[in-house]
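Comments concern the structure below.
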Amino acid sequence: MNATAIRVRTRRWLDRFLARPVLDLPLLAAIVLLCAVGLTVLYSASGGQVGLVLNQSARLALGLTLLLLLSRVPPAILRSWTPWLFAGSLFLLALVPFIGTGRSARLWIDVGPFFLQPAELVKLSLPMMVAWALHDRVLPPGWGALAACAAIIAVPTVLIVAQPDLGTGLLVAASGAFVVFLAGLSWPRIALILGGGAAGAAFIGWPMLHEYQKDRLRMFLDPESDPLGAGWNIIQAEIAVGSGGLFGKGFGMSTQAKLDFLPEHTTDFIFAVFAEEFGLVGVAAVLALYAFIIGRALWIAANARDTWSRLLGGSLALTFFVYVMVNGGMISGLLPVVGVPMPLISYGGTSAVTLLAGFGLLQSIYAHRRLVAT
Amino acid sequence: MAIGAAAARRVKEAGPETALFRRRALVGFAIVLACLAILGGRFVVLQVARHAEFHGRSEDNRIKPRALPPSRGLIYDRAGRLLAENIPQYRLELVPEQVGDVDAAIAGLREVVGIDDDELERFEAERRLRRRFESIPVKLQMSEADVARFAVHRWRFPGVEVVPYLTRYYPEGALLAHVIGYVGRIDEEDRQRLESSRYAGTSHVGKTGIERQYEDLLLGTVGFERVETDVRGRALSTLSRVPPKQGRNLYLTLDLELQRAAAAAFDGQPGSAVAIDPRNGEVLAMVSLPGFDPNLFVNGISRRDYAALLAAPYRPLFNRALQGGYEPGSTMKPFIALAGLELGLRRPQDVVFSGGEFRLPGMPQVWRDWKAGGHGRVDLNEAMAQSVNTYFYQLAVDLGVDRLGGYLSQFGFGAPTGIDLGGEIAGVLPSRAWKRAQLATEWYPGETVIAGIGQGYWVVTPIQLASALATLAGGGVRHAPHVLAATQYGIDAAREPVAVAPARASFVKSAANLDAVRVSMEAVMHGPTGTARAFGADAPWRIAGKSGTAQRFTRRDGGEYDETRVAEHLRHRALFVAWAPAEDPRIAVAVVVEHGNSGSRAAAPVARRIIDAWLTANPP
């Protein structure tokens, strides 16, 4: 094959791709841009540790590869795998209390070359399963379907919260709830479930919380009551954010992170470092980027070919929002401290890989969208 | 319609479901945007509305002002010999946040460097007061062996560090303890007294003596630097720096060699001596024996050492020169003699008969001469040379207590001399007013009689006696005694003499009267009948002197006063006052030997050795 032939074939492939792309380029671009922002802040927040940045880059690359691979699998196949995937992830989750490891809680399973966090698998398999349970029913779902969904959501959520990992439990439960919401559950029923849930949380959930989790909630209400102890993180995060001002202190100039006043400044609290260095302008830009990603993902879901794809895509988009809101609310003192990372910005591989895999599912939905608009 | 509705429920319809999903997605996205707007609003509140507040708190986090303590001024004698210096020392410090299990670390450290219970107690006390990430001294004085041993075991003790610092050291130890005093760690009492901003970073303050009196000069000015610190308080960089200004060096009027000679002259007996240059009031030597090692106090005296000092014989911590109240006895006679001459009651050649006993008309009480049968007919010279009590009994009666006290007060008796050292007592100059105030009774004529020989209510301190003698030697010109001669800023700078209040003109009307008293005092040392002729005969210079033997009297001791021991010594109070050369006085000395037998035998040789030491080194 000569060079001309290669050029012609490449051109032909490109023309076809651009005419009917198999990937949603705006969404992919936004994700890659977000990853770039994350790596930039990570470099600064870690005090210039190139090793850390390379480590995270490798995980993001793995996640993006996974994204591309999943985008090639038709949703129909993914849907048919769903019950097995869910059952498998639930089985691993049940194993965690027995063979799991972890610093403060048993979260991980050592599978040799790497550590597997079953809860992360559930983040994807649970909304897939709820969508699977609803996909061939008449929507909006009736009480029977609702009961099935409740069971699918409750079992893994309880297992995860018991690990204990409140943040992940919250995300997992939300991802299932969003499927039900998008399936068109009637508003009175939503009100009924939310009201019952709130009452249940107050009377049953609160006594079940661990003491450190209660402390976090109490501190959220009044961090200055123990400024050197439990309130320290909240106060130092607010100081970092507030001292950033309109335009920030500049790249690499975060004193709160550099001088170690802000704990967890590469992981859960990294967005406070970003806010300190890039100010309100940077925060607004990143929040806009998040809003774009969520909106774009909902648009892809809205144009999906089938019910399962629609419900799953919409749930992934809204769950992504929960990450942003819980983390952003935490570092700005708007919400209590819950261990949820800032998606694609916080250091930490597992959640980034899961998130990118989720976007892989969305890209698959996009690539196999309806060929003809209805 | 009913059938249609039932069918709709059973059959999935793509169109309405898609529409339903889109409505829900739209609602969801609206909620997302609303929440993000709330979140953004929160960032606006923090980053715009409250920016100033958080900017300040961030800077407070980041920048810590750090005090740079000045180095304390050094103290020299008049010849520039070092009396107080700053030497490098090592202490062990610990930051609890970095150590973790403090108790385990302390237990480990005790094995390595040895920490006694006193230090442990102090550590626990400071631990309760300290701030976050502040280091606490564990052991203040580390020997070189301690430092080496710790270096070997250092890996076991994260958060524990050896910190070099400067500490005060008194190379002459006990010799000058009562003059120079000592510095000690700033305690709660000091903290209330001192201006805290001047003492930022400074751990010690002058507690007694020169160190306390001239604290302001010695201290210097604290410097400051602003350092960027991390959360553990580690300094990362210096942002700005105002260097400290060292304290002033002090040059004293004291002469180290004379001080040494004076202390040696006592041969281990407790007592006190003060030597003054009559021409200007400079204190040349000031001894209070026994002394103590002031270095013990610098970094906190151990309980055992302190108990030993309190239990030691003759109370070494007691500064006899300024606080020892003694009955002056016959050393008061030259002053009373001058009063008689100056007030026109006596001429030098006037003769008084001493028959061994003295009576007041109409009173049964008898006052005796020290020599049985008396001294016979004596003029001023003989009365002084032989210390004839009857001569002075009669003179005191003729003067009356009011004139006697009035005249002697000009020598400074009954009031602090104003020397530039703290803690001086006033002593007692007997008078009707004093007795009424103190004892609420009238003055009895008999009390005038014994006042004439320096007994009864009289109380003088060695510094008072020396100052009064210097005034007499200097012809009635009274210079305030002082110990600070000059100050200096930096060792290479010129000495700046300290301004001394100008002396008032002499209160003595007739130089002939002064000469008469001087001649009579020379007779004490050099005359054929002089009580101290044994110590004056071979002197290379003419000395004017007077002995005194009297009881000790002290008014200012509370509980620590050991009555049994003092009672044992009530019989033995030897005093001597002398100046030389007689006609060109360069040194006036007052000596008290607490354990002496008589003034002429015990105290005169001490005075002689002090005078010889000074005049040999500084020939007139």
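As they're listed, the protein sequences go chains D and U.
In my numbering, each residue carries its 1-based index in the first sequence increased by 1358.
In my numbering, each residue carries its 1-based index in the second sequence increased by 7.
All C-beta atoms, glycine included, are put in the ideal place defined by N, C-alpha and C.
task: Using only alpha-carbon positions, find the residue among Arg192(U), Ala585(U), Ala587(U), Ala492(U) that is nearest to Gly87(U).
output: The residue you call residue 87(U) lines up with position 80 of the second sequence. Minimum Cα distance to Gly87(U) is reached at Ala492(U).
query: Out of curiosity, what's the CA-to-CA distance linking Ala328(U) and Ala581(U)?
result: Counting from one through the second sequence, the residue named residue 328(U) turns up at place 321. Counting from one through the second sequence, the residue named residue 581(U) turns up at place 574. So the two alpha carbons sit approximately 15 Å from each other.
query: With a CB to CB cut of under 8 Å and the five nearest residues on each side skipped, what residues in its chain are close to Arg1499(D)?
result: Translated into the one-based positions of the first sequence, residue 1499(D) becomes position 141. The residue you asked about is not Arg; residue 1499(D) is Pro in the sequence shown. Cβ neighbours of Pro1499(D) beyond the five flanking positions: Leu1492, Cys1507, Val1538, Ala1541, Gly1542, Leu1543.
message: Between Glu179(U) and chain D, is the shortest Cβ-Cβ distance under 8 Å, so that the two count as touching?
response: Counting from 1 along the second sequence, the entry for residue 179(U) is found at position 172. Closer than 8 Å: no.
query: Does the beta-carbon of Thr1362(D) have 16 or more other beta-carbons within 10 angstroms, so that it is buried, or is it exposed?
result: Position 4 of the first sequence, counted from the first residue, corresponds to residue 1362(D). Thr1362(D) comes out exposed.
message: Residues of the stretch 23 to 50 of chain U in Cβ contact with chain D at a cutoff of 7 Å, in chain order, please.
response: Listed by position, the residues of the stretch 23 to 50 of chain U near chain D (Cβ gap below 7 Å) are Glu24, Leu27, Phe28, Arg29, Arg31, Ala32, Gly35, Phe36, Val39, Leu40, Cys42, Leu43, Leu46, Gly47, Arg49, Phe50.
message: With a threshold of 8 Å on Cβ separation, who are the neighbours of Gly419(U) within its own chain once the five nearest residues in sequence on each side are excluded?
response: Residue 419(U) sits at position 412 when you count from the first residue of the second sequence. Gln471, Ser474, Ala475, Thr478, Arg485, listed in sequence order.
- request: May I ask you to report which of helix, strand or coil DSSP gives Ser554(U)?
  value: As a position in the second sequence, residue 554(U) is number 547, starting the count at 1. Looking at Ser554(U) - three-state DSSP - the assignment turns out to be strand.
Residues within the stretch 213 to 246 of chain U neighbouring chain D, beta-carbon criterion of under 8 Å: Glu235, Thr236, Asp237, Val238, Arg239, Leu243
message: Among Thr1677(D), Leu1669(D), Leu1529(D), whose alpha-carbon lies nearest the alpha-carbon of Ile1651(D)?
response: What you label residue 1651(D) is simply residue 293 of the first sequence in a count that begins at 1. If we check each option's Cα against that of Ile1651(D), Thr1677(D) comes out closest.
field: Closer than 8 Å at the beta carbon, the chain D residues around Glu60(U)
entry: Residue mapping note: residue 60(U) aligns to position 53 of the second sequence, counting from 1. Those within 8 Å of Glu60(U) in chain D are Gly1600.
- prompt: So is Ala1559(D) in contact with chain U if we call contact Cβ pairs under 8 Å?
  reply: Residue 1559(D) sits at position 201 when you count from the first residue of the first sequence. Ala1559(D) does not count as touching chain U.
message: Quick check on Met1566(D): buried or exposed, where buried means 16 or more other Cβ atoms within 10 Å of its Cβ?
response: Within the first sequence, numbered from 1, the residue matching residue 1566(D) stands at position 208. Classification of Met1566(D): exposed, given that the 10 Å Cβ count is below 16.
field: Counterpart residues of Thr494(U) in DSSP-defined beta bridges
entry: By 1-based counting over the second sequence, the position of residue 494(U) is 487. Leu257(U), Glu503(U).
query: Does the beta carbon of Gln330(U) come closer than 8 Å to any beta carbon on chain D?
result: Along the second sequence, read from residue 1 onward, the residue named residue 330(U) stands at position 323. Cβ-Cβ to chain D under 8 Å: no for Gln330(U).
query: What residues of chain U sit near Ala1719(D), judged by a beta carbon separation below 9 Å?
result: Taking the first sequence and counting its residues from 1, one reaches residue 1719(D) at position 361. In the sequence on display, residue 1719(D) carries Leu and not Ala. Result: empty, since nearest Cβ-Cβ is about 16 Å, beyond 9 Å.
task: Closer than 7 Å, Cβ to Cβ, to anything on chain D: give me those residues from the stretch 66 to 83 of chain U, in chain order.
output: Asn68, Arg69
query: For Ala1445(D), which of Gly1671(D), Gly1405(D), Met1486(D), Leu1420(D) has the nearest alpha-carbon?
result: By 1-based counting over the first sequence, the position of residue 1445(D) is 87. Looking at the Cα atoms, Met1486(D) is the closest of the given residues.
task: Please classify Pro251(U): is it buried, with 16 or more other beta-carbons within 10 angstroms of its beta-carbon, or exposed?
output: In the second sequence, residue 251(U) corresponds to position 244, counting from 1. By the 10 Å Cβ count, Pro251(U) comes out buried.
message: I'd like to know whether the C-beta atoms of Arg79(U) and Gly240(U) end up nearer to each other than 8 Å.
response: As a first step, residue 79(U) is located in the second sequence; it is residue number 72 there, counting from the start. As a first step, residue 240(U) is located in the second sequence; it is residue number 233 there, counting from the start. Inclusion of Arg79(U) and Gly240(U) in the CB contact set at 8 Å is not warranted, their separation being larger than that value.
task: Find the residues of chain D that neighbour Leu53(U), judging by a C-beta separation of less than 7 Å, and give them in chain order.
output: Here residue 53(U) corresponds to residue number 46 of the second sequence, with the count starting at 1. Those are Glu1596, Val1599, Gly1600, Ser1690, listed as they occur along chain D.
Chain-order list of residues whose beta-carbon lies under 7 Å from that of Asp564(U) (same chain, five-residue window excluded): Taking the second sequence and counting its residues from 1, one reaches residue 564(U) at position 557. The predicted model places Asp564(U) with a pLDDT of 39, which falls under 50 and marks its position as unreliable; any figure quoted below should be read in that light. Result list for Asp564(U): empty, nothing under 7 Å.
- request: Please compile the residues from chain D whose C-beta is within a distance smaller than 9 Å of the C-beta of Arg134(U).
  value: Here residue 134(U) is taken as the residue at index 127 of the second sequence, counted from 1. Simply none; closest approach about 16 Å.
- request: Please report the Cβ distance between Gln148(U) and Gln96(U), rounded to the nearest whole angstrom; I am assuming they are in contact, meaning their Cβ atoms lie under 8 Å.
  value: Counted from its first residue, the second sequence places residue 148(U) at position 141. Counted from its first residue, the second sequence places residue 96(U) at position 89. At roughly 6 Å, the Cβ-Cβ gap stays under 8 Å, so Gln148(U) and Gln96(U) are in contact.
query: Taking all protein chains shown into account, do 16 or more other C-beta atoms lie within 10 angstroms of the C-beta of Arg353(U), making it buried, or fewer, making it exposed?
result: On the second sequence, position 346 is the one that residue 353(U) refers to. Buried, by the Cβ-count rule.
Same chain, Cβ closer than 8 Å to Gly534(U), five either side skipped, listed in chain order: Counting from 1 along the second sequence, the entry for residue 534(U) is found at position 527. Excluding sequence neighbours, Gly534(U) sits near Asn388, Ala392, Arg540.
message: What does the alpha-carbon distance come out to for the pair Ala1615(D) and Leu1479(D)?
response: Numbered from its first residue, the first sequence carries residue 1615(D) at position 257. Numbered from its first residue, the first sequence carries residue 1479(D) at position 121. If you take the alpha carbons of Ala1615(D) and Leu1479(D), they lie about 32 Å apart.
query: Can you check whether the CB of Pro1514(D) is closer than 8 Å to the CB of Leu1474(D)?
result: The sequence position of residue 1474(D) within the first sequence is 116, counting from 1. The sequence position of residue 1514(D) within the first sequence is 156, counting from 1. Not a contact, by the Cβ cut-off of 8 Å.
- prompt: Is Ser204(U) closer than 8 Å to Ile193(U) when the C-beta atoms are compared?
  reply: Mapped onto the second sequence, residue 193(U) falls at position 186. Mapped onto the second sequence, residue 204(U) falls at position 197. The answer is no: Cβ separation not under 8 Å.
task: Please confirm if the stretch 507 to 523 of chain U is in contact with the stretch 340 to 357 of chain U, defined as three or more CB-CB distances below 8 Å between the two stretches.
output: Flag = yes, the stretch 507 to 523 of chain U and the stretch 340 to 357 of chain U touch.
- request: Kindly list the residues whose CB is nearer than 7 Å to the CB of Arg310(U), restricted to its own chain and excluding five residues on each side of it in sequence; keep chain order.
  value: Numbered from its first residue, the second sequence carries residue 310(U) at position 303. So the qualifying residues of the chain are Asp125.
Where Pro285(U) falls, given that 16 or more other Cβ within 10 Å makes a residue buried: What you label residue 285(U) is simply residue 278 of the second sequence in a count that begins at 1. Buried.
- prompt: Helix, strand or coil for Glu289(U) per DSSP?
  reply: As a working note, residue 289(U) is residue 282 in the second sequence. Reduced to three states, the DSSP call for Glu289(U) is strand.
query: Taking just the CA atoms, how far does Val119(U) sit from Val106(U)?
result: Your numbering for residue 106(U) matches position 99 in the second sequence. Your numbering for residue 119(U) matches position 112 in the second sequence. So the two alpha carbons sit approximately 16 Å from each other.
Contact set between Leu1436(D) and chain U, taken where Cβ atoms lie within less than 7 Å: Counting from 1 along the first sequence, the entry for residue 1436(D) is found at position 78. Those within 7 Å of Leu1436(D) in chain U number zero; the least Cβ separation is about 18 Å.
- prompt: Would you call the stretch 286 to 302 of chain U and the stretch 195 to 202 of chain U touching, i.e. three or more CB-CB distances under 8 Å?
  reply: no
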